[in-house]
Amino acid sequence: MQHVEMIDLEKSYDNQKNVLNGINLAIEEGEFFVLVGPSGSGKSTLLRMIAGLEDITGGILKINDKVVNHLRPKDRNLSMVFQNYALYPHLTVEQNILFGLHAKKVEKKEQQKRLIETAEMMGLTELLKRKPKQLSGGQRQRVALARSVVSHAPLCLMDEPLSNLDAKLRAHMRIEIRRLQKKLGLTMIYVTHDQVEAMTMGDRIMVLNDGKIQQVGDPITLYNEPANLFVASFIGSPKINLGTAVIRDHHLIIEDSIHIPITTSDIGNIIQKDDLTIGIRAEHIFHGEEDKKTHELEVINVEHLGNETLLTFEIGKELWTAKWLGQWRARVGDKVPVKISVEHMSFFDSKTTELIKPASNTAKEQEVVAI
Amino acid sequence: MTVPAYQKIVFYLLLTVSSVLIFAPAIIAFSMSFMSNQDIMTGKIIPTSFTLDNYVQVFDRFPLFNFLLNSLIVSIVIMIGQLVLSSLAAYAFVFLEFKGRDILFFVFIATMMVPFEASIIPNFQTIRDMGWINTYTGLTLPFFAMAFGTFLLRQSFKQIPKELKEASEIAGIGDFKFYLTVVLPMARTSLVTLGVYGFLTSWNMYLWPLLSTTDDTTRTVQIGLRQLQSQEQLNEWGVIMAGAIIVVLPTLILLFLGQKKLQKGLAEGALK
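In the order they appear, the protein sequences are chains A and B.
For the first sequence, the tail end lands on 392 under our numbering, and the numbers increase by one without skipping.
For the second sequence, the tail end lands on 1738 under our numbering, and the numbers increase by one without skipping.
So, in structure tokens, the structure goes:
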């Protein structure tokens, strides 16, 4: 069943340029749906429109197959978690959690039952009498979640809920939120600017830029077959390596510096010879063993992550990064052998930025990994 | 940071001198209220004999208790009226969105530039035509609407994150309940500040009570104080000063109690 449906949704402020344009989207019940995009892309605005905190300029918004364009937030049967948690500083944790239930006229007994249940689930039982000021960031976050859970609303909206936490806690809360969502069967719409969060949490992701949908799909599809240059460079860390390329005499020439011989089977249906941009993921620039190396590149930066090593090369005007498993004792200035092959490259049209052909080899490798 | 000793001495000397200068009238009044008439007339500052006669007389000869009670009622009613109206207006200016809100607010603020003396004639005519001369209503009503209070509370309400309002909206909490259960408790400091400020201003009000009262039934203590002076041929300064000290007392008590909060609240309004 489709829980939330948007048909040609639009938003503009004071009749100026649209901040959101032609949003068509259906979110299934029980789905963890992530809206991701850089700041100013309109993702928070879209979420607030679903919540009813922003007016809808054009289009139709349906929740449970009912048009809710003009319904007030409280009648949409949803809960929301804010970036700054929006806890009431003068109320205790318990009062904060129960704040909304009074308004919904839930019985006192039922309130207490839900409170105990939720507090236990979120590990807040010992903190119920404290004020938000006396809690750590992670605990506040949990109170905000508890408030959303206790309302028993089937649709939960989250607006960058983890951005105020430190990296370690964020990784932990990612898992907790995900588990909670699955356990309660909530439909979740989650806004973030962090692509790692999007990739790790979402059942499906929608990439938004400049008020337009760039791509909707599951994380792996977005990673392997980005619909355009924006999605390609937005998803994945380190960033995908991009370079302008042309095809001349059965050679692919990247940034005027890398020449790779190609055959028709490599490039498949690419008819275009000019204005190409190729993208290759950092993990697909391999270390070239003696006989298999295709190029030698000069290292201009080395980053040791412990389990893997990031090497940066200069290709024409672009900086490319290679990610090699293990620890590599390379120094700046060294020439290292690498193996770059066409089968790992995605081809984009430089003018329209659209994808022409995804990397042909990635799909194969993923199949091996699938359990 | 350490301040050199000689600099410290100069600072403290200057501070002491200026505080004595500023406080002198109050000290003289205080000591005069314990002096006999003879002492006052000979121009002494330190009393040769200590007497409480002046205090006894001031209560004997004038309905001072009555005046004090009137002042208390008027000040409290004005204070409550201002708090209620200002906070509701400020709530609207911060949390409700409507067309022309900001323009309306500037017009509202602009009324602060109209001195009270300029509006006193129309106010008087209104009160007289309503037949509210010599009533508490007439004494208090013109002061309920207060641009300064709205301004102060608006600044303080603005510091409440908008997300709190939005969270309440989603939870289904209406404007009035949000105002009562979230906004007012969170803006407590500013409310206390405004309350104390309003109370003191109305306690010390002189011109309006003088105009809007014609007999002693509703007169406030400031008018009463003035009467102490004019009814005698030879002013009994000891009695007048005793009256003044009694009148000042509530002000001082309030100030001492609310000093910290008052400072904090006023600074809040000034800074942002």
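We put the beta carbon where it would ideally sit given N, CA and C, even for glycine.
Remember, predicted model here, so these are calculated numbers, not experimental data.
Would residue i and residue j be called neighbours here (beta carbons separated by less than 7 Å)?
i	j	result
G264/A	E364/A	no
I28/A	G80/A	yes
D296/A	E52/A	no
I306/A	K378/A	no
A303/A	K356/A	no
V1739/B	G1615/B	With chain B running from 1467 to 1738 in the structure shown, residue 1739/B is simply not present.
T78/A	V40/A	no
V1687/B	L1534/B	yes
E1629/B	F103/A	yes
L1619/B	S1656/B	yes
L56/A	M194/A	no
Y1521/B	Y1645/B	no
W349/A	T330/A	yes
T315/A	I261/A	no
F1500/B	P1513/B	yes
T1592/B	L1666/B	no
T113/A	K150/A	yes
C177/A	S169/A	yes
N1600/B	T1679/B	yes
N105/A	V164/A	no
By the DSSP assignment, the alpha helix (DSSP H) with residue i in it spans what residues?
i	result
M70/A	64–72
G1638/B	Careful: G1638/B lies outside any alpha helix (DSSP H) and carries neither H nor E.
A188/A	188–205
T1683/B	That residue, T1683/B, is in no alpha helix (DSSP H); it is neither H nor E in DSSP.
K130/A	129–143
E335/A	Segment 329–336 is the beta strand (DSSP E) holding E335/A; no alpha helix (DSSP H) there.
V114/A	114–124
K1624/B	1613–1624
N1536/B	1530–1561
I1569/B	1567–1576
M220/A	216–222
DSSP three-state label for residue i, please.
i	result
K1738/B	With a pLDDT of 34 at K1738/B, under the threshold of 50, the modelled position of this residue cannot be trusted; read the value that follows with caution. Coil.
F33/A	The identity of residue 33/A in the sequence shown is Ser, whereas the question assumes Phe. Correct three-state label for S33/A: strand.
W1669/B	helix
N322/A	strand
N185/A	coil
V389/A	Confidence in V389/A is poor, its pLDDT being 46 and thus under 50, which makes the residue's placement too unreliable to answer from.
T1508/B	coil
P358/A	strand
N249/A	strand
N1520/B	helix
Y109/A	coil
V1658/B	helix
A167/A	helix
T242/A	helix
M1501/B	coil
R161/A	helix
K294/A	coil
What is the residue span of the beta strand (DSSP E) that residue i lies within?
i	result
L99/A	99–102
Q5/A	Only positions 22 to 392 of chain A appear in the structure, and residue 5/A is not among them; the question remains open.
I256/A	Neither: I256/A is in no beta strand (DSSP E) and is coded neither H nor E.
S367/A	367–370
M1498/B	No beta strand (DSSP E) holds M1498/B; the alpha helix (DSSP H) holding it covers 1471–1498.
A351/A	Taken as a continuous stretch (DSSP letters only), A351/A belongs to no beta strand (DSSP E), as it is neither H nor E.
T208/A	208–213
T1514/B	Here T1514/B belongs to no beta strand (DSSP E), and DSSP marks it neither H nor E.
Based on DSSP bridge pairs, tell me the residues matched to residue i.
i	result
N45/A	Answer is none; N45/A lacks a bridge partner.
N342/A	According to the sequence as given, residue 342/A is Thr; it is not Asn. T342/A pairs with T333/A.
N1589/B	Partner(s): none; N1589/B has no beta bridge.
L376/A	F369/A
H305/A	Partner(s): none; H305/A has no beta bridge.
G58/A	BP columns for G58/A are empty, so no partner.
Using a Cβ-based criterion (distance less than 6 Å to any ligand heavy atom), does residue i qualify as near the ligand GTP?
i	result
I1593/B	The model on display carries no ligand, and the ligand GTP is accordingly not part of it.
So, does the CB of residue i fall closer than 7 Å to a CB anywhere in chain C?
i	result
P182/A	Among the chains of the structure shown, chain C does not appear; the protein chains present are A and B.
> Taking any Cβ of chain A, which residues in the segment 1625–1636 of chain B have a Cβ under 7 Å from it, in chain order?
Replying inline: For the segment 1625–1636 of chain B, residues whose beta-carbon sits nearer than 7 Å to a beta-carbon of chain A comprise P1627, E1629, L1630, E1632, A1633, E1635, I1636.
> Which residues, taken in chain order from the segment 68–82 of chain A, show a beta carbon closer than 9 Å to some beta carbon of chain B?
Replying inline: From the segment 68–82 of chain A, only R69, A72, G73, L74 have a Cβ closer than 9 Å to chain B.
> In chain order, what residues of the segment 335–350 of chain A put their CB closer than 9 Å to some CB of chain B?
Replying inline: Those would be none; no residue qualifies.
> Along the segment 1642–1654 of chain B, what residues have a CB closer than 9 Å to any CB found in chain A?
Replying inline: Look at the segment 1642–1654 of chain B: the residues with a C-beta under 9 Å from a C-beta of chain A are K1643, T1647, V1648, P1651, M1652, R1654.
> In chain order, what residues of the segment 1691–1721 of chain B put their CB closer than 7 Å to some CB of chain A?
Replying inline: Identification of residues in the segment 1691–1721 of chain B having a C-beta nearer than 7 Å to some C-beta of chain A yields an empty set.
>> Please identify, using Cβ separations under 9 Å, the residues of the segment 110–122 of chain A that lie next to chain B, in order along the chain.
In response: Interface annotation for the segment 110–122 of chain A against chain B: P110, H111, L112, F120, G121, L122, criterion Cβ-Cβ distance under 9 Å.
>> By the 9 Å beta-carbon criterion, what residues does the segment 1507–1519 of chain B contribute toward chain A?
In response: Residues of the segment 1507–1519 of chain B with a Cβ closer than 9 Å to any Cβ of chain A: none.
>> Using a Cβ-Cβ cutoff of 8 Å, what residues of the segment 1659–1679 of chain B are near chain A? List them in chain order.
In response: Against chain A - using a Cβ distance shorter than 8 Å - the segment 1659–1679 of chain B contributes no residues.
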